[in-house]
Every structure is written in structure tokens, then in C-alpha cells.
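In full-length UniProt numbering, the protein residues as written are 1 to 180.
See below:
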């Protein structure tokens, strides 16, 4: 309580001093006051109003300057954000182009493999590796060239077992010989 009372006394003393320095009355003048005092009070009030208007204009200028700075900061942030988005979009396009290039390269590679000698190598006879496969044994689906087929056929004749021919890979009896 003592602290609050002391604070109130100091505050009211400060207010009295402030208004007395400027010849301002805290209370409206009585009818008993003379005209000169009333004029002096009116002049003081006018000067206070002018001072308040000046300060209000200063505050408005500071407010406008702060708003301009804030708008500049917002514009910079927006520009930075847009630039960052453009960079990400450029990276995305670059990545998409790389993916498309890789897909095209893979397609070209697969086309080259299909049209190259690699398939011809796979088509070569797996016994002699000299000729292309022309005969397919059924049911095992192994393949040989004509030369190797003739040699296998002759070998079957020599065993006097022409009716039974066996696949050289899995020794399954060949039931049908298909031309490729």
C-alpha cells in the first residue's frame, strides 16, 4: 500500500509540475477568474492542440515509413520465393528430360539388341556354333542345325535304332522334329 500511495503522489506531482510549466489549468476556469487568465488558458490549449497535431503527423509519417519498409520486406520475400520456385521448376524439367533421355536410350538399346548379331548368336547351333538352328526337337524344344541333325541321325542309324532318336542335351526321346 505504501508503495502504491508513494507512486500516486509522485505521479500527481509530476502532472502538476508538467501542467504548471506550460501554464495549463487542470480544471476549467471558474466564473470568478479574470478574462486574461481565460485567454491565456485558451492560448495554452491551442498550443497543446498544435503540438498534438504535429506529433500525430510525425507518428503517421513513422507509421507510413514502417509500412513501406514492411511492404519492401514482403516484396523481397515474395520475389525470393518465386525465384526459388523457378529454380525448383528448372531442376524438375532437367530431371524429367534426363528421365526421358534415359527411357529413349533404353529403347534404342533394346532395339539395337533386337537387330544385332546377339540374337543371331542365340540362333546359332549350340552343338557346333557354326550354323543357324533349323530343327527343333519335340517335346524338349532344343534346337540344332541341319549338319548336327544329320550327324545325330547317322549315329542313330549306326546303332540300328532309327525309330528312336534322343536329344543330346537331356536324353529325352524325340517324338517330333520340327523345321524352324
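Even for Gly, the Cβ is constructed at its ideal location relative to N, Cα and C.
Just so it is clear, the structure is predicted and the values come from calculations on it, not from any experiment.
Along the chain, where does the beta strand (DSSP E) that runs through residue i open and close?
i: residue 137; result: 135-138
i: residue 179; result: 176-179
Given a cut-off of 7 Å, decide if residue j and residue i are closer than it, judged by their beta-carbon atoms.
i: residue 131; j: residue 125; result: yes
i: residue 144; j: residue 172; result: no
i: residue 165; j: residue 154; result: no
i: residue 135; j: residue 149; result: yes
According to DSSP, residue i sits in a beta bridge with which residue or residues?
i: residue 144; result: 135
i: residue 173; result: 166
i: residue 124; result: 132
Sorted by chain position, which residues of the same chain lie with C-beta nearer than 6 Å to residue i's C-beta, five sequence neighbours on each side aside?
i: residue 103; result: none
i: residue 137; result: 167 and 174
i: residue 176; result: 138
i: residue 63; result: none
Apart from the five residues just before and just after residue i, which ones in its own chain have a Cβ nearer than 7 Å to its Cβ?
i: residue 179; result: 134 and 135
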